[in-house]
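Number 64 in full-length UniProt numbering belongs to position 64 of the sequence shown; there are no gaps in the numbering.
For each residue, glycine too, the CB sits at the ideal point set by N, CA and C.
These numbers were taken from a predicted model, which means no experiment stands behind them.
Written out below as C-alpha cells is the structure these notes cover.
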Amino acid sequence: MSSKKDRKAQRQEAAIREQRRRWDETAAASPLSRHQLDSLLDYLAEQIVANGHDDTLRYTQQWLGTNGLPVEETLEFLVRHRFRSDFEVALNADPNALFGPTDDRIARMPIPEEALEALIEWVDQKVQLNGCDHSSRFARQWLTDNGYPLAPTEFALLAQGGGCDCEIVLNLESANIYPTFNREIT
Ligand SMILES: [Zn+2]
C-alpha cells in the first residue's frame with residue numbers, strides 16, 4: 001500500500017538524508033574539527049565581550065596562528081560559509097548547525113538544560129519585578145553567581161534570539177537546543 005502518508009514519509013527521509021550528506025560534506029571540507037571550532041567560538045566570545053569587535057576576522061586569525069592551525073584555509077572556509085567577521089563567527093558558526101547535532105545538543109549552549117531552565121525562570125521573575133533595560137544584566141548575574149562561563153553563554157543566548165533579559169525569557173526554547181528523545185520515552 002503506497003498511501004499519501006507513505007509518500008510524505010519517504011520525502012521526509014530523503015530530506016533528512018540530504019541534510020546529513022551536507023553536514024558530512026561540510027565537516028570533510030572544514031580545516032577545523034568540531035572541538036576546535038567550539039574552542040574558537042569560546043575564545044571569540046571572550047575577546048569580543050572584553051575588547052569589542054570590528055568587521056574583520058582578526059581575533060580568529062590570531063587564535064588560528066597561536067594554535068598552529070591553518071590560517072588561510074580556515075578563513076576561506078569561514079568566508080565561504082558567510083562568516084565574514086569575528087562577531088558573525090562567534091554568533092553563527094555553530095558546529096551543530098555546520099556539522100550536524102550531537103547526542104546532547106541541537107544548538108550550541110555551554111550550560112546544561114536544567115541550568116538554562118533555572119536561568120530563564122530566575123530572569124523571568126527579575127524582569128517582572130524590575131523590567132528589562134535592554135541588557136542581559138540579570139542573565140549575566142545568574143551565570144556569574146552560578147559559576148557558568150559568561151561570554152560564551154551570552155553569545156549562545158543571543159544566537160537563540162536572547163539579546164536581552166526579556167528576549168531570553170521570550171525566545172529561548174529548550175527544545176531548539178537539547179534533543180528531546182530521552183524525555184519523550186517517559
Ligand atoms: Zn528586553
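Under the rule that 16 or more other beta-carbon atoms within 10 Å means buried, what is residue i, buried or exposed?
{"i": "Pro112", "result": "exposed"}
{"i": "residue 230", "result": "Any question about residue 230 goes unanswered here, given that the chain covers just 1 to 186."}
{"i": "Thr180", "result": "exposed"}
{"i": "Ile185", "result": "Reliability fails at Ile185, whose pLDDT of 49 lies under 50, so the model's placement of it is uncertain and no value is given."}
{"i": "Pro110", "result": "buried"}
{"i": "Leu129", "result": "exposed"}
{"i": "Arg7", "result": "exposed"}
{"i": "Gly52", "result": "exposed"}
{"i": "Glu18", "result": "exposed"}
{"i": "Thr144", "result": "exposed"}
{"i": "Cys12", "result": "First, the residue type needs correcting, since residue 12 is Gln and not Cys in the sequence shown. Exposed, since its Cβ has fewer than 16 Cβ neighbours within 10 Å."}
{"i": "Asp165", "result": "buried"}
{"i": "Ile168", "result": "buried"}
{"i": "Arg108", "result": "buried"}
{"i": "Ser136", "result": "buried"}
For the alpha helix (DSSP H) that residue i lies in, which residues bound it at each end?
{"i": "Pro179", "result": "Run containing Pro179: none; DSSP gives neither H nor E here."}
{"i": "Ile106", "result": "No alpha helix (DSSP H) contains Ile106, which DSSP labels as neither H nor E."}
{"i": "Asn171", "result": "Asp165 to Asn171"}
{"i": "Asn146", "result": "Counting along the chain, Asn146 falls outside any alpha helix (DSSP H), and DSSP gives it neither H nor E."}
{"i": "Phe83", "result": "Careful: Phe83 lies outside any alpha helix (DSSP H) and carries neither H nor E."}
{"i": "Pro95", "result": "Pro95 to Phe99"}
{"i": "Thr129", "result": "At residue 129 the sequence reads Leu, which differs from the Thr that was named. Here the alpha helix (DSSP H) through Leu129 covers Glu113 to Asn130."}
Looking at the C-beta of residue i, does it have a partner C-beta in chain B at a distance below 8 angstroms?
{"i": "Gln128", "result": "The question asks about chain B, but that chain is absent: this structure has only one protein chain."}
Between the Cα of residue i and the Cα atoms of the options, which residue gives the shortest distance?
{"i": "Trp63", "options": "Leu44, Gly162, Asp103 and His134", "result": "Leu44"}
{"i": "Pro70", "options": "Phe99, Leu37 and Ile48", "result": "Leu37"}
{"i": "Trp77", "options": "Asn146, Gly68 and Thr60", "result": "According to the sequence shown, residue 77 is Phe rather than Trp. Of Asn146, Gly68 and Thr60, the residue nearest in Cα terms is Thr60."}
{"i": "Gly46", "options": "Ser30, Asp86, Ile168 and Pro95", "result": "Per the sequence shown, the amino acid found at residue 46 is Glu instead of Gly. Cα-wise, what sits closest to Glu46 is Asp86."}
{"i": "Leu41", "options": "Ser136, Leu116 and Thr153", "result": "Thr153"}
{"i": "Thr26", "options": "Leu98, Gly68, Asn92 and Ala107", "result": "Leu98"}
{"i": "Asp94", "options": "Gln160, Ala175, Ala14 and Glu167", "result": "Gln160"}
{"i": "Pro31", "options": "Ile106, Leu119 and Glu73", "result": "Glu73"}
{"i": "Arg22", "options": "Asn67, Pro101, Arg84 and Ala9", "result": "Pro101"}
{"i": "Thr56", "options": "Arg82, Leu170 and Glu114", "result": "Arg82"}
{"i": "Ala115", "options": "Thr66, Asp103, Cys132 and Leu172", "result": "Leu172"}
{"i": "Leu75", "options": "Thr66, Leu91, Asn67 and Arg58", "result": "Arg58"}
Contiguous alpha helix (DSSP H) assignments of at least 4 residues, all confined to the stretch 34–73: 34–51 and 58–66
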